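The next block holds one structure in the form of structure tokens; read it before the comments.
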Amino acid sequence: MSRKKRTTVWKDVTLLTMVGDYGLIDDGAIAVTAGRIVWLGRAADLPTTYAEAHVISCGGNFMTPGLIDCHTHLVYGGSRVAEFEKRLTGVSYADIAREGGGILSTVRATRATDEDMLYFLAEKRLAQLQKSGVTTVEIKSGYGLDLENEMKMLRVARKLGQGPSMDVVTTFLGAHALPPEFNGDSEGYMDYVCGDMLAAVAQENLADAVDAFCEDIAFSRDQVERLFVKARELGLPVKLHAEQLSDSGGAKLAAKYGALSADHLEYLDEDGVRQMAAASMVAVLLPGAFYTLRDDHQPPVDLFRKHGVPMAVASDSNPGSSPVLSLSLMINMASTLFRLTPQEALAGVTRNAARALGLDDRGVLAVGRKADFALWDIRHPAELAYQVGGNPCVGVVKDGKVVF
Ligand code: NIG
Ligand code: FE
């Protein structure tokens, strides 16, 4: 087959390549062969080699890289709607967790749900996320909290990534909460997580990274450090839920272990930001959890700018702190709640999100990168941050094929 036959050229489009700032190209065109970008630029400059390629008009819409949701807990059973109502009466997230609700109530429900049903439920959530332009999603375990159920969650996550329309990156979060059978023995549970659980997960290649929840209501710095040492021995990259509810020194520990990212970070201090910068980490901001928990402690966005720490933005989609199923809504919230510029917020769900997952083949529109695109019915790039609640996404292309 000749190159002409195998190539598709997308035209009548404004490209936001996300190389540099927006990397805006008016009257653009982008050529794709075998799922990869082979050329992009002004349509008027399209090389004649592509003259006979298959052409698709984008109708004057904008195109961005396919969005990347780099922090989710999408696989779970049950519902936390009763807890939502309780929090509205003034009971805090941490109090609910201490009383055995919160994450542990989702653990009970997830253990009681079989693999097929977990897949069915998560697939529906994934379909919603896709409608907001997402082509790559990270999914964590962490609602199983024993070998069998953590593996079950990770198998479901892996299977969700086997279809043509979404890439899934998996993360082992066995150190999410203390399960009831280890009540009062968090050291014993950490032995289990760092020993049998991590070994089995690595053996079956079920996780691309290892995460933990470092907080008063979860695990201490020392406990997380033991896990990071083991992850390093197995060659698995690490990341951390850090400084969400208090300053526990989690991000600094993550920096010491060369983590890909630290996530949440509302209570991070300047020294922590400096250490993240020195370790080339990404700060993953989660405005959906900030919003849902009615937090009022802002993550240190100015300090991330000052020290050059790239900011990613993710949904944190989970049944408790962030029941969010739209990444484009997170672009809006990152701007409105955290005062990211619309350009920073979009970089947060593209270029910087790719980096938070250690992926260098996506997140920008450039020659050689994956042909993962989202198409938007907008006329100015800042509209992506400006709109609330509608859905300006009018198309999603994955590996060069239209999937929505
Ligand atoms: O990222 N912070 C800890 N874990 C999740 C919440 C999970 C839950 O409440 O079920 C988070 O916010
Ligand atoms: Fe999370």
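Numbered per the numbering used here, the sequence shown spans residues 3 to 406. Where a beta carbon is used, it is the ideal one built from N, C-alpha and C, also for glycine. Here the structure is a predicted model, which is why all the values come from computation and not from measurement.
CA nearest to the CA of residue i, picked from the options
| i | options | result |
| --- | --- | --- |
| residue 296 | 268, 311, 381 and 314 | 268 |
| residue 75 | 173, 356, 343 and 224 | 173 |
| residue 72 | 380, 287 and 397 | 287 |
| residue 187 | 166, 225 and 331 | 225 |
| residue 391 | 51, 133 and 160 | 133 |
| residue 116 | 78, 170, 87 and 82 | 78 |
| residue 70 | 388, 356 and 386 | 356 |
| residue 92 | 131, 120, 289 and 294 | 294 |
| residue 197 | 232, 216, 210 and 121 | 232 |
| residue 206 | 141, 154, 247 and 179 | 154 |
| residue 80 | 111, 87 and 101 | 111 |
| residue 210 | 305, 175, 217 and 383 | 175 |
| residue 406 | 313, 247, 244 and 129 | 129 |
| residue 243 | 234, 160 and 216 | 216 |
| residue 121 | 25, 140, 314 and 156 | 156 |
| residue 270 | 300, 179 and 379 | 300 |
| residue 140 | 385, 315 and 43 | 315 |
| residue 64 | 399, 380, 400 and 385 | 380 |
| residue 246 | 281, 292 and 208 | 292 |
| residue 167 | 330, 131 and 312 | 131 |
| residue 22 | 394, 124, 312 and 358 | 312 |
| residue 399 | 338, 282, 266 and 375 | 375 |
Nonlocal neighbours in the same chain, by C-beta distance under 7 Å from residue i, ignoring five residues either side
| i | result |
| --- | --- |
| residue 341 | 303 |
| residue 14 | 59, 60, 61 and 62 |
| residue 201 | none |
| residue 82 | 107, 108, 321 and 322 |
| residue 169 | 137, 138 and 163 |
| residue 363 | 371 and 372 |
| residue 309 | 275, 276 and 279 |
| residue 36 | 8 |
| residue 360 | 239 and 262 |
| residue 290 | 317, 318, 324, 326, 332 and 335 |
| residue 149 | 198, 199 and 202 |
| residue 382 | none |
| residue 159 | 77, 141, 170 and 172 |
| residue 24 | 18, 345 and 383 |
| residue 6 | Annotation note: pLDDT 44 at residue 6 (below 50); position unreliable, coordinate value reported separately. Hits under 7 Å: 54 and 55. |
Identity of the residues DSSP links to residue i by a beta bridge
| i | result |
| --- | --- |
| residue 67 | 375 |
| residue 266 | 244 |
| residue 38 | 35 and 372 |
| residue 13 | 59 |
| residue 140 | 171 |
| residue 30 | 15 and 44 |
| residue 355 | In DSSP, residue 355 forms no bridge with anything. |
| residue 285 | 264 and 313 |
| residue 397 | 377 |
| residue 403 | 400 |
Beta-carbon proximity list for residue i, same chain, < 6 Å, skipping 5 on both sides
| i | result |
| --- | --- |
| residue 219 | 96 and 99 |
| residue 109 | 145 and 147 |
| residue 204 | 236 |
| residue 151 | 113 |
| residue 181 | 147 |
| residue 397 | 377 |
| residue 11 | 31, 33, 52, 55 and 57 |
| residue 307 | none |
| residue 230 | 240 and 259 |
| residue 251 | 223 |
| residue 41 | 33 |
| residue 277 | 254 and 257 |
| residue 403 | none |
| residue 328 | 134 |
| residue 388 | none |
| residue 305 | 272 and 275 |
| residue 212 | 174, 233, 238 and 240 |
Cutoff 8 Å; reference residue i; Cβ partners in own chain excluding five residues on either side
| i | result |
| --- | --- |
| residue 20 | 66, 67, 348, 349, 352, 353, 365, 366 and 367 |
| residue 413 | This structure gives no information on residue 413, because the portion of the chain shown stretches from 3 to 406. |
| residue 85 | 98, 103, 104, 107 and 322 |
| residue 192 | 177, 221, 225, 228 and 229 |
| residue 119 | 79 |
| residue 3 | With a pLDDT of 45 at residue 3, under the threshold of 50, the modelled position of that residue is not reliable, and no figure is offered here. |
| residue 44 | 27, 28, 29, 30 and 31 |
Cutoff 8 Å: residue i Cβ touching any chain D Cβ
| i | result |
| --- | --- |
| residue 353 | The chain labelled as chain D is not found in the depicted structure, where only one protein chain is given. |
Collect the residues with a C-beta less than 6 Å away from any heavy atom of ligand 1 and give them in sequence order along the chain.
75, 104, 105, 108, 215, 243, 246, 291, 318, 320, 321, 322, 323 and 324
Threshold first: 4 residues or longer. Then list the alpha helix (DSSP H) segments lying entirely within the stretch 293-327, N to C.
303-309
Could you pull out every unbroken beta strand (DSSP E) segment of at least 3 residues lying fully inside the stretch 146-220, listed in chain order?
169-177 and 211-214
Could you pull out every unbroken alpha helix (DSSP H) segment of at least 4 residues lying fully inside the stretch 49-134, listed in chain order?
83-90, 95-100, 105-113 and 117-133
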